[in-house]
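Q: Reading the sequence shown from the start, the letters are residues -16 to -1, 1 to 184 in mature numbering (1 follows the signal peptide of the UniProt record, and there is no 0). Can you read through this structure? Questions will come right after.
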Amino acid sequence: MRIPVALAFLSLTACATTPRPTITDWRVVATDDDRERMRDWRTAFTKALDQAQAAGHAADIAREGVLLEPDAALGPVPIPNGRYKCRVIKLGAKSEGMLDYIAYPAFDCRIGQEKELQSFYKLTGSQRHTGLIFASDPLRQAFLGTLVLGDESRAMQYGRDQDRDLAGWVERIGDNRWRLILPYPHFESTLDVVELVPEP
């Protein structure tokens, strides 16, 4: 199934018979809000860690090791296509009454090919990240997408609803281990970290 966010980026045509090249520069696609969030990723990471530690989760953070270390990116290997187990950790409460640290069990995810780009699908769970992965710099890849909620069967087009838009970085943090960091998501937390480990 090709997701609407992928169609929004890749199905651009100059006319009915002349396709344009795929847009491969994430800066051209990203909204102003998302470019700002991605630029400030490290500030979001350290703020989220401070919030979680102040709420008594220092041991939980330490137990995760490099997964929750801001400068753990190893580069330059991009994430391979395939099936993954992905585990989401939310750090820092966005508003009063929310939790400053919550770690979810592993969900099913998939990295696939979308012409010159890659796609990311979180296949299970009540909040499902869906979008495209772009080349960026020697340390990381850029991710732009949207959030699918509950029993929704289709993703909202990227850029249509700021609250659903997602932006972040895909980084290698070990042998066969990657993470997707999402600074300042519009739901619940200051930072979301998605651990990505290939299925055996």
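For each residue, glycine too, the CB sits at the ideal point set by N, CA and C.
Using the beta-carbon count (16 or more within 10 Å), is Thr130 buried or exposed?
A: The residue is buried, with at least 16 neighbouring Cβ atoms inside 10 Å.
Q: Please return the same chain residues whose Cβ sits closer than 6 angstroms to the Cβ of Thr15, not counting the five positions on each side in sequence.
A: These residues qualify, in order along the chain: Gly143.
Q: Measuring alpha carbon to alpha carbon, tell me which residue in Asp145, Pro89, Ala57 is nearest Phe171.
A: For the residues Asp145, Pro89, Ala57, the minimum Cα distance to Phe171 belongs to Asp145.
Q: Does the segment 146 to 160 come within contact of the segment 77 to 93, defined as at least 3 CB pairs closer than 8 angstroms?
A: Taking 8 angstroms as the limit for Cβ pairs, the verdict is that the segment 77 to 93 does not touch the segment 146 to 160.
Q: Grab the span of the alpha helix (DSSP H) containing Val12 for me, first residue to last.
A: Residues 10 to 13.
Q: Are the CB atoms of Val61 and Asp176 within a distance shorter than 8 angstroms?
A: It is not a contact, given that the beta carbons lie outside the stated cut-off.
Q: Report back the beta-carbon spacing between Gly59 and Arg161 to the nearest angstrom; my notes put them in contact at under 8 angstroms.
A: With 8 angstroms as the limit, Gly59 and Arg161 do not qualify as a contact, their Cβ atoms being about 13 angstroms apart.
Q: Would Gly152 and Phe127 qualify as a contact pair, given that the criterion is a beta-carbon distance under 8 angstroms?
A: Cβ atoms of Gly152 and Phe127: closer than 8 angstroms.
Q: How big is the Cα-Cα spacing for Arg163 and Met140?
A: Arg163 and Met140: Cα-Cα distance of roughly 23 angstroms.
Q: Roughly how many angstroms separate the alpha carbons of Arg138 and Lys31, rounded to a whole number?
A: Going by the C-alpha atoms only, they are around 33 angstroms apart.
Q: Can at least three beta-carbon pairs, one atom from the segment 74 to 83 and one from the segment 98 to 105, be found at a separation below 8 angstroms?
A: The answer is no - the segment 98 to 105 does not touch the segment 74 to 83, with fewer than three Cβ pairs under 8 angstroms.
Q: Whole angstroms is fine: what's the gap from Phe29's alpha carbon to Val12's?
A: Whole-angstrom Cα-Cα distance: 25 angstroms.
Q: For Val178, count neighbouring C-beta atoms within 10 Å of its own C-beta (all shown protein chains included) and say buried if the count is 16 or more, exposed if not.
A: So Val178 counts as buried.
Q: Could you spell out where the beta strand (DSSP E) holding Arg71 opens and where it closes?
A: That run of the beta strand (DSSP E) goes 66 to 77.
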